[in-house]
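A.B. asks: Sequential numbering of the sequence shown, starting at 5, is according to my numbering. Let me begin by handing over the structure; questions about it come next.
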Amino acid sequence: MRLHRLDITAFGPFGGSQSVDFDELSAAGLFLLHGPTGAGKTSVLDAVCYALYGSVPGARQSGQGMTLRSDHAAQTTRTGVTLDLTVAGRRLEITRQPPWERPKKRGTGTTLDKPQTWLREYDAAAGSWKDLSRSHQEIGEEITQLLGMSREQFCQVVLLPQGDFARFLRADAEARGRLLGRLFDTRRFAEVEKRLAERRRATEAQVREGDAALLADAHRMQQAAGEAMELPDLVPGDPGLADAVLSAAAVARCTAREQLTVAHSRLAA
5 MRLHRLDITA FGPFGGSQSV DFDELSAAGL FLLHGPTGAG KTSVLDAVCY ALYGSVPGAR
65 QSGQGMTLRS DHAAQTTRTG VTLDLTVAGR RLEITRQPPW ERPKKRGTGT TLDKPQTWLR
125 EYDAAAGSWK DLSRSHQEIG EEITQLLGMS REQFCQVVLL PQGDFARFLR ADAEARGRLL
185 GRLFDTRRFA EVEKRLAERR RATEAQVREG DAALLADAHR MQQAAGEAME LPDLVPGDPG
245 LADAVLSAAA VARCTAREQL TVAHSRLAA
């Protein structure tokens with residue numbers, strides 16, 4: 005994912021409109037977001053998260069998102085966030101506006117406008133933006149699928165200043181494995197691991213079959229050799245079984261040769 009531009013209006017501490025050109029900032033490869041407490045550093049990251057998922061990290065949002073609105077904004081200015089980004093090879097623009105309690109156009113008092121969301125994609129061939137959806141659910145599913153992370157996972161792994169990264173580090177291995185697997189697309193490694201495990205099981209079965217056949221031959225040899233051959237106390241599949249059987253057979257063979265030599269000597273005498 006690459007961020008290109010972020011436009012913020014009446015969001016957090018920003019009463020007016022502010023724009024962040026990430027392409028210009030990241031021209032050198034790395035940039036630092038810094039400033040005094042309350043300058044809005046976290047709000048910039050919150051705006052990115054809000055554009056992607058429709059909510060901000062942690063408990064900083066309550067109710068229907070009314071707390072996202074800047075206390076310094078004019079009553080006639082609506083809160084909104086627009087994020088221009090490239091993800092999974094697609095250039096997208098997401099615009100989100102939380103609920104807005106605005107003055108009525110006629111008479112006195114206020115009225116509540118519903119939240120709004122737009123998703124557009126840049127068509128390089130046509131050189132223009134085309135509308136994709138205005139459905140909160142469709143846009144949320146599309147972004148989650150493209151990023152491969154839920155909002156909670158995005159906040160744990162990407163937005164380190166939010167403090168949830170420690171929770172990710174304390175998570176169990178299975179939970180971290182699922183998340184990192186989606187982040188780095190480890191499916192090909194999992195497939196290799198699966199195939200190696202299958203080969204290991206198949207090879208172990210072949211070894212056990214071979215050991216069983218070897219033990220069967222060894223028992224027939226023992227019947228012929230009698231006490232001259234002592235078989236190892238092992239079962240098919242145990243490490244070293246073949247070497248132990250071969251050693252016992254070598255001892256039996258030497259003993260048989262000695263017995264044959266003695267028999268020939270006796271016969272000659």
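Ideal Cβ positions, reconstructed from N, Cα and C, are used throughout, including at glycine. Keep in mind that this is a model prediction, so the values were computed, not measured.
1. Would you give the residue range spanned by the alpha helix (DSSP H) that E105 belongs to?
2. Excluding the 5 residues preceding and the 5 following Q120 in the sequence, name in chain order all residues of the same chain whose CB lies nearer than 7 Å to its CB.
3. Just the Cα atoms here: how many angstroms apart are V266 and A272?
4. Taking the straight line between their C-alpha atoms, what separation do you get for V249 and R212?
5. Under a Cβ-count criterion, where at least 16 other Cβ atoms within 10 Å of its own Cβ denotes burial, should F35 be classed as buried or exposed?
6. Give me the DSSP bridge partner(s) of K134.
7. Which term fits T1, buried or exposed, when burial requires 16 or more other beta carbons within 10 angstroms of its beta carbon?
8. Taking the alpha helix (DSSP H) that V249 falls in, what are its first and last residues?
9. T81: which of R261, T13 and R9 sits nearest, CA to CA?
10. By DSSP's criteria, Q101 is part of a beta bridge. Which residues make up the other side?
11. What's the call for D176, buried or exposed, on a 16-neighbour Cβ count within 10 Å?
12. Per DSSP, which residues does V52 bridge with? Please list them.
13. Looking at the unbroken beta strand (DSSP E) that takes in A14, where does it start and where does it end?
14. Just how far apart, CA to CA, sit Q79 and R106?
15. What do you reckon, are the CB atoms on L89 and L7 nearer than 9 Å?
16. Report the rounded CA-to-CA distance for G185 versus R191, giving the unit in angstroms.
17. Can you tell me which of S154, R138 and H268 puts its alpha carbon nearest to the alpha carbon of R182?
18. Say whether the region 192 to 207 touches the region 217 to 230, bearing in mind that this needs 3 or more beta-carbon pairs closer than 8 Å, one atom from each stretch.
19. Along the chain, which unbroken stretches of the alpha helix (DSSP H) at least 4 residues long are found entirely within the region 13 to 44?
20. Report the three-state DSSP secondary structure of D221 (helix, strand or coil).
21. Whole-angstrom Cβ separation of F15 and S47, contact assumed at under 8 Å?
22. Let's test the definition: count the other Cβ atoms within 10 Å of the Cβ of L87 and tell me whether it reaches 16, buried, or not, exposed.
23. Excluding the 5 residues flanking Q226 on each side, which residues of the same chain have their C-beta closer than 7 Å to its C-beta?
24. I need the boundaries of the beta strand (DSSP E) containing G84, first residue and last residue.
25. Looking only at C-alpha atoms, which of G111, A129 and S139 sits nearest to K118?
26. At what residues does the alpha helix (DSSP H) containing H76 begin and finish?
27. Should L150 and A92 be called a contact, given that it needs their Cβ atoms to be closer than 9 Å?
28. In the structure shown, what three-state DSSP assignment does T81 receive?
C.D. replies: The answer reads as follows:
1. Not the alpha helix (DSSP H): E105 falls in the beta strand (DSSP E), residues W104 to P107.
2. Q101
3. Going from the Cα of V266 to the Cα of A272 covers about 10 Å.
4. 14 Å
5. When all chains shown are included, F35 counts as exposed.
6. E125
7. Residue 1 lies beyond the range of the chain shown here (5 to 273); nothing can be said about it.
8. L245 to A272
9. T13
10. Q120
11. exposed
12. Partner(s): none; V52 has no beta bridge.
13. Element bounds for A14: R6 to F15.
14. 6 Å
15. Yes, the pair counts as a contact, with Cβ atoms nearer than the cut-off.
16. For G185 and R191, the distance between alpha carbons rounds to 7 Å.
17. S154
18. With a cut-off of 8 Å, the region 217 to 230 and the region 192 to 207 do not count as touching, because too few Cβ pairs lie within range.
19. Every alpha helix (DSSP H) of 4 residues or more that sits fully in the region 13 to 44 is shown, in chain order, as 26 to 29.
20. Helix at D221.
21. 7 Å
22. A buried status is given to L87, since no fewer than 16 other beta-carbon atoms sit within 10 Å of its beta-carbon.
23. M233 and L235
24. G84 to V91
25. Checking every option, the nearest Cα to that of K118 belongs to S139.
26. Where H76 is concerned, there is no enclosing alpha helix (DSSP H), given that its DSSP letter is neither H nor E.
27. Their beta carbons are under 9 Å apart, which means L150 touches A92 by this criterion.
28. coil
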